[in-house]
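Protein chains in written order, with the numbering used here: chain A, 1 to 377; chain B, 378 to 623. Report on one structure; see the data block that follows.
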Amino acid sequence: MIRMLSLAERVIRQFLRDRRSLILILMAPIIVMGLLSYLLRLTSPPPKLAVIYQGFAYSDFASYFPRAIKEDGMEAKVFEGDQGLLPGIKDKFDAVLVLPRDFLAQAASGEAPEATLFLIGNPLTATKLILSMRSGFTRALAAFPVLVPEECPEACLKTVATNPPVIKSEFLGLVSTSGQEYFAWPVIPLFPFFMAFIFTSLFFLRERSQGTLERLLASPIPPGSIVTGYGLGLGVFALLQLLVVIVFSRYGLGLVAGGSWFLASLILGLILMVAVFLGVFLSTFARAEIQVAQFVPLVILPQVLLGDIFWPIDTMPLWLKVIAYALPMTHSSQAMRAVMVRGETLASIWPSLVVLVAMGILFLFLAMLSVRRGYEK
Amino acid sequence: MSSSSEIVLKTTNLVKTFGNRQALTGLDMEIKAGENFGLIGPNGSGKTTLMRLLVGIMRPTSGTVEVLGRKPPHLEIKRSVGYMTQGEAIYPDLSVEENVAFFASLYGMPRRKSAGRIRELLDLVELTARRRSLAGNLSGGMKRRLSLACAMVHEPRLLLLDEPTAGVDPELRRAFWKHFNELQRKGVTLLITTHHLDEAVHCDRLGLIRDGKLIALGKPGELLDQSKCSNLEEAFMCFAAGEEPK
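In structure tokens, the structure reads:
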């Protein structure tokens with residue numbers, strides 16, 4: 001018993017002397033849970049809907065419908081035209097509803113009228129939007145006979161109520177209508193980031209503690225080559241891991257890849273590079289493995305929460321947006337989603353790639369400067 | 378080969394501080410080509426700090442360092458200097474042979490050329506029979522031998538050995554010194570730090586260091602004469618106490 005208590009006392013002493021670990025053990029749950037709770041309580045802006053009426057944008061029904069759905073917390077803007085308008089307006093809305101020319105006639109004849117909803121962006125917003133719209137539609141159509149009495153004889157009054165409109169939905173520019181790709185592809189860069197970051201931090205810490213780093217620094221290999229050599233070595237295993245993740249995602253989970261594999265590989269390669277350089281840089285602030293473990297709540301979890309993977313950045317307040325855009329994961333998840341979910345090309349994702357390269361260079365520079373750090377203390 | 382009058386290592390008024398603590402205070406010393414110089418002092422006297430300044434891992438707070446005519450860190454210094462750190466500084470998850478081969482590759486030695494050199498070195502440090510063993514599984518003495526082999530793989534002109542005999546049994550220590558003397562005969566300049574005063578007799582010249590200060594400099598015999606002591610341990614204590622030579 002005394003021996004066991006002595007051991008426990010030793011562990012307690014170790015923690016008490018490692019104040020940084022102690023503070024982190026106490027603070028990490030507060031930081032992570034606070035952030036998570038804040039994100040969960042964030043109210044999203046009302047979904048924005050564009051309604052394209054083919055030939056009846058100036059009808060009473062057309063002006064009534066947006067008011068009806070506004071009651072459900074949505075905003076709608078009316079357009080007159082056809083599907084040709086989609087490319088020009090899709091970036092400004094969460095969804096575009098196209099009502100065909102014969103929509104009112106179908107309703108008047110007692111058939112269930114058909115409309116097409118083109119969903120853009122986050123499937124979570126889209127799902128909310130569909131649900132809201134169904135109730136808006138019901139209310140609008142309930143008023144329909146009053147609004148356009150000449151098109152609705154007495155007979156249709158009953159049929160309208162029993163035949164609500166059929167809304168065919170499709171994800172505009174998304175590779176799948178299930179929406180799982182929307183979250184799955186941006187999650188994939190997390191794997192190389194996490195692995196490369198943690199392993200680099202641990203390996204570099206070991207290089208320091210076993211004295212081999214001192215020897216490396218005394219040899220003709222430049223600090224930049226030490227850091228990039230680590231990146232290459234870990235890259236082999238990160239790629240192997242990615243291969244497993246991608247094959248499982250594709251054939252095990254049935255994820256649809258909607259864009260260039262080359263661009264996806266480029267994004268993953270860049271996030272790997274950023275993680276390695278960041279790992280080397282931050283490893284200089286750790287004196288023991290336990291301190292590397294502290295990087296998980298401090299470095300990895302914020303990337304998961306704020307990296308535009310699950311919580312859309314658009315819904316965040318400015319201060320959180322600034323933090324989110326300073327995180328490498330945000331740029332890799334946005335680029336990955338653009339390429340593999342929306343099938344976009346280099347022409348649209350290059351800004352994200354430039355940011356990742358810039359972050360890579362910055363962390364490489366900091367890593368090179370910090371390699372010798374520790375000997376100067 | 379370097380001429381014996383060539384100065385391969387020179388420090389002038391070298392100061393290194395860490396925060397408020399002064400690790401080296403105005404160190405002046407010179408080592409000539411082909412010399413076997415022993416830097417002797419207790420733990421914490423500044424020996425390792427000096428070594429790190431010489432290889433360019435640290436920068437001086439003030440004063441100058443010159444190694445092979447250049448200011449560290451310099452690529453030419455890194456190519457020509459072999460550095461054995463105080464710790465083992467070997468990779469425990471690589472085999473004995475792989476460790477030496479890795480350090481050979483850092484010096485740009487082609488694999489074919491280094492293979493012969495590695496065999497030769499492993500023979501020299503008597504690790505041939507364990508060449509395929511993981512370095513982590515070696516005994517303490519074997520690890521020191523491997524560390525020495527790694528420091529010498531590129532046939533350096535100047536060897537900086539930081540406490541190479543610390544924690545080594547007397548038999549191995551004797552073997553180490555025999556080998557250092559052989560290297561010296563081949564023209565290699567050696568700077569060896571130690572806190573074993575009995576090892577000082579193997580060196581051409583000695584620097585006695587304490588609290589970052591060089592308290593005496595000279596040949597072993599000269600230091601004994603100056604201190605009028607019968608052995609270097611007593612001489613060190615005299616110099617350390619700041620006593621005037623008797």
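A virtual CB, placed ideally from N, CA and C, is assigned to each residue, including glycine.
Short CB-CB distance (under 8 Å) between residue i and chain A
i	result
ALA466 of chain B	yes
LEU452 of chain B	yes
ARG456 of chain B	yes
ARG429 of chain B	yes
THR571 of chain B	no
THR462 of chain B	yes
LEU483 of chain B	yes
ILE408 of chain B	no
SER380 of chain B	Interpretation of SER380 of chain B is limited by its pLDDT of 48, a score under 50 that renders its predicted location unreliable; the figure taken from the coordinates is listed afterwards. No, its Cβ sits nowhere closer than 8 Å to a Cβ of chain A.
GLU611 of chain B	no
ASN608 of chain B	no
Short CB-CB distance (under 8 Å) between residue i and chain B
i	result
VAL274 of chain A	no
VAL231 of chain A	Reading off the sequence, residue 231 of chain A comes out as Gly, not Val. Not one chain B Cβ lies under 8 Å of GLY231 of chain A.
TYR251 of chain A	no
TYR375 of chain A	yes
ALA367 of chain A	no
Residue i - partner residues in DSSP beta bridges
i	result
GLU181 of chain A	In the DSSP output, where bridge partners are listed per residue, GLU181 of chain A has none listed.
GLU114 of chain A	A:VAL166
VAL354 of chain A	Looking at the DSSP assignment, VAL354 of chain A forms no beta bridge with any residue, so it has no partner.
SER472 of chain B	B:LEU511
ARG587 of chain B	B:LYS590
PHE395 of chain B	B:ARG398
PHE171 of chain A	A:LEU119
ALA95 of chain A	A:LEU49, A:LEU119
GLY417 of chain B	In the sequence as presented, Gly is not what sits at residue 417 of chain B; that position holds Ile. Answer is B:THR571, B:LEU585.
THR388 of chain B	B:MET406, B:VAL442
Residue j beta carbon less than 8 Å from that of residue i
i	j	result
ASP546 of chain B	MET461 of chain B	no
THR566 of chain B	ILE417 of chain B	no
ALA264 of chain A	VAL339 of chain A	yes
LEU119 of chain A	ALA95 of chain A	yes
ARG534 of chain B	VAL502 of chain B	no
LEU391 of chain B	VAL444 of chain B	no
ALA50 of chain A	LYS77 of chain A	yes
ASP581 of chain B	GLU412 of chain B	yes
ILE313 of chain A	SER21 of chain A	no
LEU305 of chain A	TRP311 of chain A	yes
LEU594 of chain B	ALA612 of chain B	no
SER201 of chain A	PHE295 of chain A	yes
ALA526 of chain B	LEU504 of chain B	yes
ALA381 of chain A	LYS455 of chain B	As shown, chain A starts at 1 and ends at 377. That puts residue 381 of chain A outside it, with no answer to give.
PRO186 of chain A	SER333 of chain A	yes
ARG391 of chain A	ALA466 of chain B	Nothing in the structure corresponds to residue 391 of chain A, since chain A is present only between 1 and 377.
VAL280 of chain A	ALA286 of chain A	no
Cross-chain neighbours of residue i in chain B, by beta carbon under 8 Å
i	result
ARG372 of chain A	ILE434, MET435
Any non-hydrogen atom of the ligand SAM within 7 Å of residue i CB
i	result
ALA347 of chain A	Because no ligand of any kind appears in the structure shown, any question about the ligand SAM cannot be addressed here.
Contact with chain D by residue i, beta-carbon distance below 8 Å
i	result
ILE198 of chain A	The structure shown contains no chain D; the protein chains it does contain are A and B.
Going along the segment 210-223 of chain A in order, which residues come within less than 9 Å of chain B, judged by CB to CB distance?
For the segment 210-223 of chain A, the set of residues with a beta-carbon nearer than 9 Å to any beta-carbon of chain B comprises GLN210, GLY211, THR212, LEU213, GLU214, ARG215, LEU216, LEU217, ALA218, SER219, PRO220, ILE221, PRO222, in chain order.
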